[in-house]
Structures are given as C-alpha cells and as structure tokens.
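Have a look at the structure below before the remarks.
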Amino acid sequence: MEIKEEGTSEEGQHFLPTAQANDPEDIQFTSIQKIPNEPQLEFILACKDLVAPVCDRNLNTVVQISVIHPVEQTLTRYSSTEIVEGTKDPLFLTGVTFPSEYPIYEETRIKLTVYDVKDKSHDTRSFLGCASFQVGELLRSKEQLLSLSLRTSDGGKAVGTIEVSLVKMGEIEDGDTDHITTDVQGQKCALAYECTAAESGSGKDNSPLLNAVLRNPVCKLYRFPTADNKWMRIREQMSESVLSFHIPKELIALNIKEDLCRNQELKELGDLSPHWDNLRKNVLTHCDQMVTMYQDILTELSKETGSSFKSSSSKGEKTLEFVPINLHLQRMQVHSPHLKDALYDVITVGAPAAHFQGFKNGGLRKLLHRFETERRNTGYQFIYYSPENTAKAKEVLSHISQLQPLIATHADLLLSSASQRSADSLRSSLKMLSEKTELFVHAFKDQLVRSALLALFTARPGGILKKPPSPKDSTEDTCPLDEPPQLRRQDSIPHHSDYDEEEWDRVWANVGKSLNCIIATVDKLIERDGHNGGGPRGSSGQDGDTEPSLEDSITSHPKEDWYEQLQPLILTLKECMGEVVSRAKQSLTFVLLQELAYSLPQCLMLTLRRDIVFSQALAGLVCGFIIKLHTSLHDPDFLQQLHTVGLIAQYEGLLSTYSDEIGMLEDMAVGISDLRKVAFKITEAKSSDDLPILTGRREHYVVEVRLPAAMFESLPLQIKEGQLLHVYPVLFNVGINEQQTLAERFGDVSLQESINQENFELVQEYYSIFTEKMPPDYISHFQEQNDLKGLLDNLHQNIQAKKRKNVEIMWLAATICRKLNGIRFTCCKSAKDRTSMSVTLEQCSILRDEHQLHKDFFIRALDCMRSSQIQGALSESDDPETGRLTDDKPTSRHFYPVALLLVSSHLLVVWLILSLALLLAKYQ
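For the sequence shown, the UniProt record's numbering assigns the number 1 to the initial residue and increments by one for each residue that follows.
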C-alpha cells in the first residue's frame with residue numbers, strides 16, 4: 001500500500017483536551033513514576049530483518065510513532081524517527097520522549113508504524129508493517145527491552161521485528177554501536193547544571209526556579225556513536241519564557257512613570273519668555289500623547305494571557321511591538337561514557353527591531369546619527385546640547401531624586417539618635433549622612449549645571465527679579481559651639497545685569513558648609529559627653545555599678561540637649577539642599593526641553609523606536625542571565641567572576657546587509673549596545689513570586705533577580721550585600737542567506753564590518769578586565785584549558801580579512817563566549833530558519849570537538865537535529881524568511897540552500913546569474 005503523507009506537525013504536542021487530561025475523576029489509570037521536571041518516558045528504536053516489497057530494493061526506513069489514548073481510544077500522531085537509507089536492519093539515532101506534562105499512563109498504547117520512503121522530496125511512502133505495546137509492558141519488561149513483530153495491516157505475515165529500548169538519561173549504554181543494550185542504573189536530571197559532580201543534586205533544586213521562567217518544553221532525544229564506538233546520549237530541550245511579556249510590561253510601566261515625572265518637571269519650570277513657553281506647551285502636548293499611547297500598549301499587553309512567546313507572524317502587530325520574537329531557550333544536554341555530563345544553552349530570539357515602524361528610512365543607527373547631525377547644524381531657536389550632555393542631565397536629575405529623600409531620612413535618624421543621647425548611634429547616623437551628602441554635592445561638580453543655569457536665565461521673562469540679600473546679611477555671626485559660619489538659602493536667580501556666575505558655586509557650597517557645621521557640633525557634643533562621664537563612669541562600669549546620678553552630672557557640667565543643638569543645623573542643611581535641588585532641577589529640565597523641542601515628532605518617534613528595540617533585547621538578556629545563574633549557581637569560580645568582572649553576553653547575528661535587513665541590523669546594533677546600561681542585583685525572595693523586578697530609568701536600569709533563602713545564603717558576601725552585577729553585550733553579525741550574496745557582490749557590507757570591529761574591541765576590553773581582576777591561578781587554569789589569547793587573535797584576523805560569508809567569525813566568537821562562561825544568543829529575522837541552521841551546526845560541532853562524536857556520523861547527526869527542528873515548525877504557506885509562497889516545495893528543502901552558503905556561495909551566484917539571463921530572454 002502506497003500513501004502520500006501530509007505535512008502535518010510532528011512535534012508531538014497533540015495533547016488531550018484539558019478537561020479530559022486533567023480531571024482525576026474521569027481518569028483511573030496508573031501514572032508513570034517520574035522525577036519532577038524529567039520526561040516521563042523515553043525510548044529508542046531499531047528494526048531487524050525487514051522484508052522489502054521488492055526483492056532487489058534497498059529500504060529507506062522511517063518509523064511513525066502514534067499514541068492511543070486509553071480514555072477515548074483515539075489515535076494521535078506523535079512523532080517520527082529520521083530516515084535510515086539502504087539497510088534492512090536500520091538503527092535509528094532519533095529517540096522518542098514524552099515530556100512531564102504529557103497525559104501518558106501505563107495503560108497507554110504506543111503504535112509503531114514502519115514505512116519505506118520512496119521519494120523524500122514528495123514524502124511518498126509505502127507501508128511495511130506495524131506493532132503496538134502498552135507503556136506498562138515496556139516498564140516491566142526484562143532489561144526494559146521489547147522485541148515486537150511487525151505485521152501487515154491485516155495482521156497477517158511478519159515483515160520483521162522492531163526493538164524498543166527504554167532510555168534513562170544518566171545511564172551508560174554499553175556495547176558497540178551495532179548493538180542496543182541498556183543499563184538502568186542511575187538517573188540524571190535534565191535541568192542539572194554543568195558540574196563536576198552529577199550527584200550534587202543542584203539541578204533538582206534549581207528546577208522550580210527555572211519553571212517560574214520557562215514554559216512548554218519540547219524535548220528531543222538522540223544517541224550518537226563516539227570515536228571509540230560507544231554511545232553518547234543527547235537530549236535537546238526547547239522552552240518558551242514568560243519573560244517575553246513580563247519584562248516589556250515592567251519596562252513600559254517604568255517608561256510611563258519616567259515620562260509623567262518629566263512632564264511634571266516641565267510644567268514646574270517656571271515663567272518663560274513667550275518663545276520658550278510656546279515650545280514647552282507644544283512639547284507637553286506631544287509628550288502627553290506619547291504617554292497615552294504607552295498606557296494603551298500596556299493595557300493591551302496585560303490582556304495577553306495565552307501564549308508565552310510572540311510568533312514571527314505577529315511581529316508587525318502594534319500592540320506587541322515591545323515583545324521579542326520567538327524567545328526560546330535551546331538546551332543540549334550531553335551524557336557521554338567517558339566525559340562529564342554537560343549542558344550547552346543558547347537563547348534564540350528574533351533580531352530586536354521595530355518591525356511595525358518599518359525600515360524605509362533605515363534603522364536606529366542611521367536615524368540617530370542623522371538626527372544628531374541635523375541638531376548640531378541647527379542653532380536657530382534652540383540651544384544645542386550633545387547626547388552626552390543630555391544623558392548627563394538625566395543622570396544628575398536621577399541622582400537628585402534618589403539622594404534628596406535619603407539625606408532627609410538620615411538627617412531625621414541623626415536627630416532621633418540625638419534625642420536618645422546615644423553616642424554610637426549618633427556616630428553611625430552621622431557617617432551615613434556624610435556619605436550621602438558628599439555624593440549629593442559631587443553630583444553638581446559639572447560645568448553643565450552652571451551653563452544650564454545661565455541658559456535658563458536668558459529664557460526667563462525680561463522683568464527684573466528682586467536681588468537677594470548678600471551672604472553676609474544672611475549669615476549668623478557665629479555658629480553654636482564655635483562651628484564654621486552657616487549660610488541661608490537665596491530666593492531666586494538674579495536679573496541678567498546682576499547675574500553672578502559664581503553665585504551657583506556659593507549656593508552649592510552651602511550644602512557642604514552646613515554639613516561641616518553638623519559634623520563639628522556632633523564632635524563637640526560627643527567629646528564633652530566623654531569628659532563629663534569619663535573617669536567616674538569608667539570606674540563604676542568596672543565595678544558593675546550603675547551610672548552616676550543626675551545631680552553629680554549636673555555638678556560636673558550642665559547636661560546639654562543634643563536635639564536642640566542639632567535641630568536648627570539640620571533645618572539649615574535641608575533648606576540649602578532644597579535651594580540647590582530647585583535650581584538644578586529647573587536648569588537641567590531646560591536642557592531636556594532643548595532635545596524635545598527640536599524636530600519634536602521625530603525626537604519622540606526615535607525615543608519610541610529605541611524603547612521598542614531595547615525592550616526586546618532586554619527580555620532576552622534577562623532570560624539568559626537567569627538561566628545562566630541557575631545552571632551555575634553552585635560553581636564558586638563562576639560566582640567570583642560574576643561579581644568581580646561581570647558576564648559577557650555574545651549575540652550571533654545572521655542578518656544580511658541587504659534591503660530591510662539593513663535597518664533590522666541597525667536597530668539590533670543599537671539595542672544590544674544599550675544593554676550596557678543594565679545591571680543586575682540578586683536579592684532574597686520574600687514571597688513565592690520569583691519573577692524579576694525592573695527599576696531605574698532609560699539611562700540606567702537595575703534588574704532584581706530573586707532567589708529562595710537557601711540559594712541566596714550560598715552566594716558570596718558581595719552579591720548578598722547587593723553589589724550590582726554588570727553584563728558586557730557584544731554583537732557579531734555574518735549574513736549567510738541569498739540576499740547577503742547580492743550585498744557582497746553588488747552592495748555594501750561596511751555596516752557589518754564596522755559592527756564586528758567595534759564589538760571585537762569590546763571583547764578585548766572584557767578580556768583585559770578579566771585577566772586583571774581574576775586570580776592568577778584561575779586565569780592559568782583557563783589558559784591550560786584553551787588559549788583565549790590565541791582565539792582572540794584568530795578572531796581579529798578573520799574580521800580584518802573581510803572574507804565573504806566568513807562563518808569562522810561566528811564559531812570563534814561563540815567559542816570565546818563559552819570559554820569565558822558567557823551567555824550565548826543566536827538571532828536572525830524571525831529566529832527560525834537561519835537560527836535553527838546555526839544552532840544545530842554549533843551543537844554538532846560541539847559534539848565533535850568536545851565529546852568525540854564519530855567523524856563518519858557528523859552529517860547524519862546534523863540531519864537528525866535539523867529534521868527534528870523543522871517538523872511542524874515551517875509548515876506555513878509563507879516562507880518566514882523571504883515572504884514568498886512555498887506551496888510547491890517542501891519546507892525542509894528551504895534549509896539546504898542556506899546550508900550550501902555555509903560552505904560556498906559561488907554555485908548560488910552562478911545560479912542567480914543564469915536565472916536572470918533566462919528571465920531576460922523570456923521577456924525579450
């Protein structure tokens with residue numbers, strides 16, 4: 001019987017309806033004993049003595065796995081093996097795995113159908129035979145191995161046998177690669193970290209945390225032969241992340257809060273001349289519209305409760321602009337007979353880009369450069385401030401908003417300590433107050449504030465303001481207890497004719513002088529208190545008696561009221577600080593007004609575009625950081641590197657430098673560069689909510705990652721004390737598709753070359769910090785394992801060589817990242833075709849280089865992984881990478897031209913030229 005299979009999904013995720021699968025009253029079957037977060041059931045297949053329909057025909061065999069559910073007795077097509085060609089005794093490298101969520105029981109029947117594939121291009125198969133078994137039969141079988149007879153559809157003659165062998169990931173499979181034997185001793189957790197001791201059990205401990213971040217895992221199982229003809233087992237796991245929506249919602253909420261605060265500061269800027277006042281009103285109108293749009297997007301995102309990732313078909317939806325495309329964890333767990341078990345994680349995500357905004361005018365890199373050039377060359381009606389000065393103004397404003405309430409709090413604590421006459425508490429409160437006040441004063445040591453004050457003054461109405469009293473008139477002759485003179489705040493900025501450029505220095509210095517008065521007063525009070533009770537209190541303390549009586553203290557020296565001494569000084573400090581804050585806030589807000597006032601719609605649209613791209617990039621980074629932290633939580637060397645140096649996050653870009661993808665690459669480059677303003681902080685979780693919290697502003701964000709108490713206590717002291725952990729994002733891009741061939745032959749690849757060169761310098765900078773700060777023994781261990789310096793030199797040579805489609809750059813960058821304990825990302829337009837090609841090639845290369853994969857099985861292992869990658873993933877009518885219809889060709893064949901490009905582009909160029917010639921001849 002010959003059939004032609006339809007291209008339906010074989011991902012194996014056809015679950016029962018929720019009501020049937022989850023209702024314990026309806027299901028009275030025996031559950032499979034399992035380890036939490038482990039697949040419930042895994043097995044591998046092999047056939048023997050298959051009978052060919054035609055005597056002289058070599059069989060090309062594939063096994064279709066189907067599930068017969070015990071409830072409704074319906075058959076569900078689940079998965080299939082790879083095609084093994086030219087043998088009657090096929091041994092399949094692709095196994096079968098059922099994830100922990102799948103409704104499978106001991107009474108569930110598995111049907112195995114064997115086909116002979118006659119034409120792979122059209123998926124034409126002929127039926128050979130089938131067999132079925134109950135899951136419980138396999139679990140209870142001797143040596144957990146079943147040998148089943150394959151029979152024709154009518155149950156007639158036997159056409160061979162099929163062997164089903166139960167797999168447990170941690171066991172060692174003995175024997176040569178021509179045999180299938182299993183040892184059921186041992187168990188290995190799928191989420192175990194890459195460690196030296198498999199029995200440490202940390203993987204099980206980390207699983208609940210990863211479950212809070214990851215969703216809907218899809219597992220694939222393989223077995224590949226090693227160079228010494230032993231079996232190694234590989235489990236692939238692809239998971240979605242709830243951070244795809246969580247991080248954008250957190251970020252949008254922060255943006256709304258920041259913009260509302262800025263709008264309020266613009267309103268409180270005070271009286272301005274008609275020209276500047278009209279500009280301010282125009283700015284506020286547009287900014288309010290932008291805030292409303294952000295609020296609408298946040299409302300729509302809050303309604304999303306279904307999928308935990310955004311598919312590529314939704315990349316053009318406005319309400320999902322801030323959400324990354326196809327954010328997934330791609331994990332490969334390797335268990336080999338002679339080497340340590342290992343995990344290799346890659347975060348796959350669509351290139352961060354503003355797809356809804358479009359790329360007609362380019363991406364962020366070009367748009368920002370053009371915007372700044374035009375601003376710099378336009379002086380009419382505006383005051384130009386460089387991007388650095390604008391960022392500095394935002395930074396100072398942020399410091400003001402953070403430090404002012406802290407100083408007020410510590411000042412109140414100082415008064416509280418004074419009222420209790422506690423010398424130790426007074427010293428501690430004074431120390432904290434001094435530290436925060438010094439930071440406050442230091443924040444204004446910048447010429448920008450002084451120039452902004454003058455600029456704001458020129459924008460005021462022309463009326464003459466009342467001249468403030470001179471510092472001499474507003475200062476008391478002496479401070480209590482002979483402390484330095486204190487200065488009262490001044491009321492307003494003077495008129496232009498009376499403007500004193502040094503006035504700001506005096507107002508600003510008043511804060512420091514007020515602090516000096518407080519310090520001197522506290523020292524005097526503590527010193528006198530020590531003299532009053534030094535001798536008698538010391539002797540009485542030694543005798544165990546109580547302190548001297550109040551009368552004795554008054555006789556020796558009248559007891560002073562510390563609170564009354566310090567309270568007026570604290571008020572003066574707060575007044576001086578309030579004056580500084582008022583003036584600085586208004587002047588720096590005026591700086592921000594200049595940026596917004598020039599080309600107002602364009603400025604806000606650039607801000608929106610940058611927020612969109614950054615949101616997508618940040619969601620991927622947070623996901624990668626959390627997964628890296630959890631998988632390396634028990635590695636002391638990694639934790640030391642984390643708080644001493646930070647982590648490198650390496651992005652592998654596969655975008656071409658042609659057409660719209662140029663704009664995507666420009667967006668992506670800026671978005672990844674903006675990740676440098678992100679820091680992480682690890683805190684102890686106080687509730688069951690393990691999702692990260694985002695704080696900060698556009699120039700500086702802090703991601704708070706929460707860990708349960710037991711895990712948090714195992715961290716180094718520096719991390720537990722709240723030290724910020726930094727990430728060094730780098731991007732290397734190599735276009736590999738047909739469009740890149742056109743760009744290299746007839747276009748411009750300078751964008752890719754400049755991005756790669758700039759980011760290589762960042763890698764060198766990180767390596768320098770790494771070698772400088774990490775202990776010598778740790779660095780020498782790294783150098784013994786691999787010559788990082790040699791890898792860096794090789795990467796630099798390949799970047800300088802400017803070779804077409806130089807995929808060696810991607811491989812070297814990824815290797816350096818893994819050797820430095822970094823976070824790996826792979827991106828293309830939609831995180832599908834090119835990304836899956838790159839990830840599978842990287843995984844097989846790792847198996848070959850690190851785990852001794854047999855050289856003769858490299859291509860077959862690659863085909864197994866790629867055939868699994870495309871099952872059901874690319875069955876849409878539209879090609880997600882090119883936008884062209886692919887109804888007339890199988891989706892799996894779409895990969896092979898791309899694979900060809902990884903080797904050579906010359907054949908494809910010849911094909912393009914011949915195709916063009918044929919088209920021209922046809923229409924002439």
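The C-beta atom is built at its ideal place from N, Cα and C for all residues, glycine as well.
Could you say which of the options lies nearest to residue i if we only look at CA atoms?
i, options, result
"G620", "K513, H399, D787 and S241", "S241"
"D123", "G129, Y115 and C130", "Y115"
"Q134", "Q144, T61 and H399", "Q144"
"P28", "Y105, K48 and Y385", "As written in the sequence, residue 28 is Gln, which differs from the Pro given in the question. Out of Y105, K48 and Y385, Y105 has the C-alpha closest to the C-alpha of Q28."
"E861", "N58, I234 and L525", "The sequence shown places Ala at residue 861, rather than the Glu named in the question. Nearest of N58, I234 and L525 to A861, Cα basis: I234."
"I44", "E107, L166 and I719", "L166"
"T770", "K819, Q740 and F732", "First, the amino acid is wrong: residue 770 is Phe here, not Thr. Cα-wise, what sits closest to F770 is K819."
"H726", "I662, I648, G790 and L762", "I648"
"L453", "R824, V591 and D863", "V591"
"K628", "S126, P53 and G822", "G822"
"S616", "N58, N326, S149 and T226", "At residue 616 the sequence reads Gln, which differs from the Ser that was named. Minimum Cα distance to Q616 is reached at N326."
"Q237", "Q843, E265, I518 and Y598", "Q843"
"L413", "I400, L403, Q402 and R427", "R427"
"residue 958", "R109, L138, N278 and V54", "Residue 958 lies beyond the stretch modelled for the chain, which goes from 1 to 924, so this question has no answer here."
Measure the C-alpha to C-alpha separation of residue i and residue j and round it to an integer number of angstroms.
i, j, result
"P461", "W276", "10 Å"
"L260", "I247", "20 Å"
"E483", "K773", "Any reading at E483 needs caution, since the residue's pLDDT is 40, under 50, leaving its predicted position unreliable; the model's value is listed next. Taking the straight line joining both Cα atoms gives about 44 Å."
"G270", "T458", "13 Å"
"T631", "T305", "28 Å"
"L654", "K142", "49 Å"
"D341", "P716", "26 Å"
"C219", "E42", "10 Å"
"V71", "I32", "16 Å"
"S419", "C817", "57 Å"
"K303", "S687", "24 Å"
"S336", "A354", "43 Å"
"Q73", "E107", "11 Å"
Terminal residues of the continuous beta strand (DSSP E) containing residue i?
i, result
"I110", "R109 to D119"
"G129", "T124 to Q134"
"Q650", "L647 to G653"
"F444", "Counting along the chain, F444 falls outside any beta strand (DSSP E), and DSSP gives it neither H nor E."
"F224", "L214 to P225"
"C827", "I823 to C827"
Any idea what DSSP makes of residue i, helix, strand or coil?
i, result
"L762", "helix"
"L914", "helix"
"residue 950", "Missing from the structure shown is residue 950; the chain here goes from 1 to 924 and no further."
"L415", "helix"
"G696", "strand"
"P776", "helix"
"A198", "With a pLDDT of only 31 at A198, under 50, the local geometry of the prediction cannot be trusted, and no value is derived from it."
"Q641", "helix"
"Y294", "helix"
"Y344", "strand"
"E101", "coil"
"H246", "helix"
"H69", "coil"
"Y384", "coil"
Considering residue i, what are the terminal residues of the alpha helix (DSSP H) in which it resides?
i, result
"E661", "D660 to D674"
"S838", "D833 to H851"
"T607", "L600 to T631"
"S582", "W562 to A597"
"D49", "Looking at the DSSP string, D49 is not in any alpha helix (DSSP H), and its letter there is neither H nor E."
Is any non-hydrogen atom of the ligand MG found closer than 7 Å to the C-beta of residue i, if you look at the structure I gave you?
i, result
"L279", "Annotation note on the ligand MG: not contained in the displayed structure, which lists no ligands."
Decide if the segment 69-86 is in contact with the segment 94-106; the criterion is three or more beta carbon pairs, one per stretch, under 8 Å apart. yes
With a cut-off of 8 Å, do at least 3 Cβ pairs link the segment 605-621 to the segment 682-693? no
Closer than 8 Å is the cut-off here; do at least three beta carbon pairs connect the segment 843-858 with the segment 672-680? no
Count the C-beta pairs between the segment 330-347 and the segment 809-827 that are closer than 8 Å, then say yes if the count reaches three, no if not. yes
contact_flag[the segment 749-756, the segment 718-738] where n(CB pairs < 8 Å) is 3 or more: yes
Are the segment 576-589 and the segment 510-520 touching by the rule of at least three beta carbon pairs closer than 8 Å? yes
Inter-stretch contact at 8 Å, needing at least 3 Cβ pairs: the segment 830-843 / the segment 311-325: yes
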